[in-house]
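Chains as they are written, first to last, in this note's numbering: chain A, 28 to 312; chain B, 605 to 720.
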């Protein structure tokens with residue numbers, strides 16, 4: 028159940044990021060581009076976020092209530108919605124994304140982008156930092172907000188970037204790839220910096236990477252992030268300057284980034300279900 | 605430099621209490637009290653989803669003496685109050701299960717003694 032819960036959370040994030048990233052790129056770099064398929068892509072991300080979010084909600088409710096059957100889950104649903112931050116935030120964020128996609132459909136792209144980004148960032152209050160008080164809680168919460176922003180603006184925009192690279196004329200696609208590079212670099216810097224803060228506060232040391240499931244999964248996530256950064260660097264310094272000749276190679280690289288990004292998000296979903304090693308052994312009193 | 609000290613302190617590599625663990629309790633953990641408490645107050649390291657938290661208090665003869673479910677403490681989202689009916693002297697064992705607002709469950713146990 029823990030694994031399933033984590034996978035649902037990871038898939039929910041992937042869908043949410045994809046829908047948000049599509050709308051955000053449409054409101055910025057693709058503002059003047061004539062590109063078909065943006066709205067179906069945003070709706071597809073919303074559908075994935077909704078289905079995976081529903082699975083996550085039911086599994087999390089079953090976990091909260093220590094449910095043994097469907098009746099236990101149904102009885103607990105109103106309590107989860109009314110009395111837990113998880114319930115209120117998950118439903119609120121889904122409502123925000125639905126409204127964002129509807130606004131996007133209606134042509135209110137910038138407002139939709141702001142709303143979608145707000146929904147992405149609100150996820151931070153479901154993490155450790157959102158429930159902790161004191162300086163550590165504030166640092167963790169701030170790092171989670173930045174981490175989510177970096178992940179959504181980079182990983183979330185990759186599907187729409189791939190769509191644009193496939194469908195836009197060569198010169199426009201090359202311009203988009205060149206403009207996307209600084210955004211990607213900024214996101215990588217934010218992700219690495221905030222991951223370092225979380226590593227120090229939640230993992231504690233390199234030794235813990237090899238001594239716990241949390242550490243092993245965090246290690247795999249760091250490795251995948253390293254591969255993603257390597258691919259992004261190749262895109263920026265080798266493939267993008269060679270466009271349009273390197274178009275096929277760039278599209279393949281972005282497709283590989285999407286697969287790796289999904290793996291990172293699934294690992295993140297699982298990671299958030301586990302106990303960080305920095306606090307192992309604190310239970311009991 | 606002074607203005608950066610709080611930031612440096614915040615970033616110092618100390619373990620974070622990233623689940624709800626018991627920070628303090630009233631009566632205190634392991635305390636010997638002379639008068640029976642009317643309620644227990646449990647303070648945690650994180651904010652709680654109180655409807656999914658449970659606390660049982662077993663008296664010297666093993667009977668449970670908690671009078672009601674744990675209640676939230678207004679203005680203190682990391683605290684639980686549990687009314688109890690304690691009369692007999694002896695050791696009381698408190699077993700708690702907490703759900704923090706970051707969706708994680710924790711549990712623990714401690715005791716205190718009534719010795720009039």
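Glycine included, C-beta positions come from ideal geometry on N, C-alpha and C.
Small disclaimer: the values here were computed from a predicted structure and weren't measured.
- Here DSSP, grouped into helix, strand and coil, assigns residue 83 of chain A to helix.
- Beta-bridge analysis with DSSP links residue 66 of chain A to no other residue.
- Listed along chain B, the residues sitting closer than 7 Å to residue 158 of chain A by beta-carbon distance are 650, 651, 704, 705 and 706.
- At a cut-off of 9 Å between C-beta atoms, residue 155 of chain A counts as an interface residue with respect to chain B.
- The alpha-carbon of residue 282 of chain A is positioned some 14 Å away from that of residue 257 of chain A.
- Take the alpha-carbon of residue 166 of chain A and the one of residue 623 of chain B: they are about 16 Å apart.
- Per DSSP, the unbroken alpha helix (DSSP H) holding residue 39 of chain A starts and ends at 29-54.
- Contacts with chain B (Cβ-Cβ distance below 9 Å) from the region 102-113 of chain A involve 103, 106, 107, 109, 110, 111, 112 and 113, listed in chain order.
- Here DSSP, grouped into helix, strand and coil, assigns residue 695 of chain B to strand.
- Residue ranges of uninterrupted beta strand (DSSP E) with 3 or more members are absent from the region 176-238 of chain A; none lies entirely inside it.
- Considering only A:228, A:56, A:175 and A:76, the residue with the shortest C-alpha distance to residue 208 of chain A is A:56.
- Assignment of residue 704 of chain B by DSSP, reduced to helix, strand and coil, places it in the strand class.
- For the set A:65, A:33, A:133 and A:79, the Cα lying nearest the Cα of residue 90 of chain A is the one of A:33.
- The beta-carbon of residue 654 of chain B is placed less than 9 Å from the nearest beta-carbon of chain A.
- Residue 74 of chain A is classed as exposed because its beta carbon has fewer than 16 other beta carbons within 10 Å across all chains shown.
- A Cβ-Cβ distance of about 6 Å is found for the pair residue 147 of chain A and residue 175 of chain A, placing them in contact under the 8 Å criterion.
- By the rule that beta-carbons nearer than 9 Å mark a contact, residue 90 of chain A touches chain B.
- Residue 279 of chain A sits in a helix when the DSSP states are folded into three classes.
- In this model, residue 237 of chain A and residue 230 of chain A are separated by some 11 Å (Cα to Cα).
- Note that the region 108-120 of chain A does not touch the region 129-138 of chain A; fewer than 3 beta-carbon pairs, one per stretch, sit closer than 8 Å.
- For residue 111 of chain A and residue 651 of chain B, the gap between their C-alpha atoms comes out near 10 Å.
- When Cβ-Cβ separations below 9 Å define contact, residue 132 of chain A makes no contact with chain B.
- Residue 625 of chain B is classed as buried because its beta carbon has at least 16 other beta carbons within 10 Å across all chains shown.
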